[in-house]
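Here the protein sequences line up with chains C and V, keeping their order. Just so we're aligned: 112 in this note's numbering is position 112 of the first sequence, and the numbers increase by one with no gaps anywhere. Just so we're aligned: 40 in this note's numbering is position 40 of the second sequence, and the numbers increase by one with no gaps anywhere.
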Amino acid sequence: DSGVTQTPKHLITATGQRVTLRCSPRSGDLSVYWYQQSLDQGLQFLIQYYNGEERAKGNILERFSAQQFPDLHSELNLSSLELGDSALYFCASSVGTSGSARSGELFFGEGSRLTVL
Amino acid sequence: GENVEQHPSTLSVQEGDSAVIKCTCSDSASNYFPWYKQELGKGPQLIIDIRSNVGEKKDQRIAVTLNKTAKHFSLHITETQPEDSAVYFCAAKEGGGNKLTFGTGTQLKVEL
C-alpha cells in the first residue's frame with residue numbers, strides 16, 4: 001500500500017459528460033502529480049501541484065483541469081469527455097517538489113479507470 | 001520536451017534467466033533515472049534508481065547501469081522469478097525540474 005488513495009476506482013460515463021477524480025496523497029506529502037495511462041502508451045504527465053499551487057504542466061488538455069485543496073487532496077476534472085479520454089488516471093505524491101530522500105520518488109495510487117462510451 | 005525511449009516493449013524469458021531492458025533519454029541535463037514496476041491492477045512502484053554521478057547500482061537481483069555520455073540506462077534482472085512478471089517503466093527527471101518523464105514500458109513475462 002503506497003498510502004495514496006484514489007477514488008473512484010472505476011467510472012463509466014458517456015461522451016460529453018464531466019467527471020471528477022479524487023486523490024488523497026500520503027500523509028506529509030505536499031506534491032501531487034496526475035498521470036494518464038492509455039492502452040499501449042506509457043505514463044503521460046498531466047500536471048503537478050505543490051502545497052496548493054500549480055508547479056508543472058504537461059500534456060493536459062484544456063478540457064481538463066485540476067486543483068489541490070488546503071488539506072492537500074487533489075481533484076482532476078475532465079469535461080466534454082471523448083472516447084479517447086478512456087484511460088487509467090494515476091495520482092502520485094511526493095514529499096517536496098523534488099521528491100523524498102530518494103530525490104524524485106513518486107508514490108502512486110492504484111488509479112481510476114475511466115471508460116467513456 | 002524530454003523524451004525517453006524504452007525497448008523492448010515485450011520480453012519473455014524462462015525462469016532463472018536474465019532480463020535486460022534499455023532506455024535512452026533525449027535530455028542531456030537529466031540527472032535522475034528511476035525504474036518503476038507496475039503489477040496488474042496496481043500503480044507503479046519504484047524498484048531502483050540511479051543518479052547521473054553513478055555508473056552502476058545493484059540491489060539483490062536488480063541492477064541498473066548508466067552511460068551518461070550516450071544517455072543510455074538499463075535495467076538488469078538476474079535469476080528471474082514468476083513474480084518478476086510485470087510492466088517495467090524507466091523514467092528520467094529533467095535537470096533542475098521535478099517532473100518525471102516515463103518510457104513507454106516493457107511487459108516482462110517470466111515463464112516456468
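Heads up, the beta-carbon is just placed ideally off N, CA and C, and yes, glycines get one too.
Local Cβ density within 10 Å of Asp17 of chain V, reported as buried at 16 or more and exposed below that: exposed
Taking C-beta to C-beta, are Val64 of chain V and Pro82 of chain V nearer than 9 Å? no
If we call anything under 9 Å between Cβ atoms a contact, is Leu30 of chain C one with Ser94 of chain C? yes
Between the segment 23-49 of chain C and chain V, which residues of the former have CB atoms less than 7 Å from a CB of the latter, in chain order? Gln41, Gly42, Leu43, Phe45 and Gln48
Inter-stretch contact at 8 Å, needing at least 3 Cβ pairs: the segment 106-117 of chain C / the segment 45-64 of chain C: no
Which value, in whole angstroms, describes the spacing of the CA atoms of Arg102 of chain C and Leu46 of chain V? Confidence at Arg102 of chain C is low in this model, with a pLDDT of 47, below 50, so the placement of that residue is unreliable and no value is reported for it.
What distance in whole Å lies between the Cβ atoms of Arg51 of chain V and Tyr32 of chain V, which are believed to be in contact at a cut-off of 8 Å? 6 Å
Applying the 10 Å Cβ sphere with the 16-neighbour rule, what's the burial state of Gly165 of chain C? Outside the displayed span of chain C (1 to 117) sits residue 165 of chain C, for which this structure offers no information.
Just to confirm my understanding: we take Ser28 of chain V, look at its own chain, exclude 5 residues before and 5 after, and list those with CB closer than 7 Å. What are they? Lys71
Does DSSP put Glu105 of chain C in a helix, a strand or coil? coil
Helix or strand or just coil, what does DSSP make of Asp1 of chain C? coil
Quick check on Lys57 of chain V - is its C-beta less than 9 Å from some C-beta in chain C? no
Please state if the CB of His7 of chain V and the CB of Thr106 of chain V are separated by a distance shorter than 9 Å. yes
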